[in-house]
Amino acid sequence: MTDTKIARVLLSHGAGAGRDSSFMMDLAEQLKRHHLDVELWDFPYMEKAKAEGKRRPPDRMPKLLDAMRSKIDSLANDLPLFLAGKSMGGRVSTLLMSELKLPTVVYGYPFHPVGKPEKQRVDHLAPCQLQVPLLILQGERDTFGNVDEVQQYDLAESVSVHWLADGDHSLKPRKASGLTQAQHLKEAARITAAFVHNILNQEHL
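For the sequence shown, UniProt numbering begins at 1 and goes up steadily by one.
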């Protein structure tokens, strides 16, 4: 039985760990189970960090955006494309999604820097700015934007935020919750697949 892919997902990593982190690999594996073709990749600064064997800070946003544009241009266009990313990778995706008209999924959106809730990164997600569908899967305890903070933001109608119980910025719950990160990643993949199916069905109407 052939595994027919329904869409391609360009999955971008966060600032501190690349495509081969356990989070990225586990999430990609879960997404593939829903007939999604997952394209993992590293931003150029991460490739350099791995080659040099030492950590490097991310490039400035213009460089990150250019790198993602180049990566998107290199992909085959045989399947519908969705952008997705963890934290920084997700933020870069959201900054391109309107320009490229590509639906996007973010796992742990960095709504603000840790400890600086007043420095919000939501202007481009406002009602007058965004019409393309965006799904955000956020841990309830995320220090980059928790439930109480995010519910106060004025986000576009095309933005859907799904909360994962007791999850942190990597969707990891505390042991006392009785839940696991693996369960949350599985649930995140299921919700992502439903998001993809919904958009594809709308396009075929």
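For every residue, glycine included, the Cβ atom is placed at its ideal position computed from N, Cα and C. Predicted, not measured: the structure shown is a model, and the values here were computed from it.
Asked                                                                                                          : Found
Buried/exposed call for A28, threshold 16 Cβ in 10 Å                                                           : buried
Counted within 10 angstroms of its Cβ, other Cβ atoms place S74 as buried (16 or more) or exposed              : exposed
Cβ-Cβ distance between A156 and L200 below 8 Å                                                                 : no
CB-CB length for F144 against H112, believed under 8 Å                                                         : 6 Å
Residue from L100, K50 and Q131 with nearest C-alpha to S160                                                   : Q131
Host beta strand (DSSP E) of R39 (start-end)                                                                   : Note that residue 39 is Glu in the sequence shown, not Arg. Element bounds for E39: L36 to W41.
Inter-residue CB distance, G108 and H169 (contact presumed, cutoff 8 Å)                                        : 5 Å
For F82, the three-state DSSP class (helix, strand or coil)                                                    : strand
Those runs of the alpha helix (DSSP H) which lie wholly inside the segment 58-112 and span at least 4 residues : 61-74 and 88-100
For M46 and D66, the rounded distance between their alpha carbons                                              : 15 Å
Anticipated Cβ contact below 8 Å, E187 with L164, distance rounded                                             : 7 Å
Pairwise C-alpha distance: K101 and L95                                                                        : 11 Å
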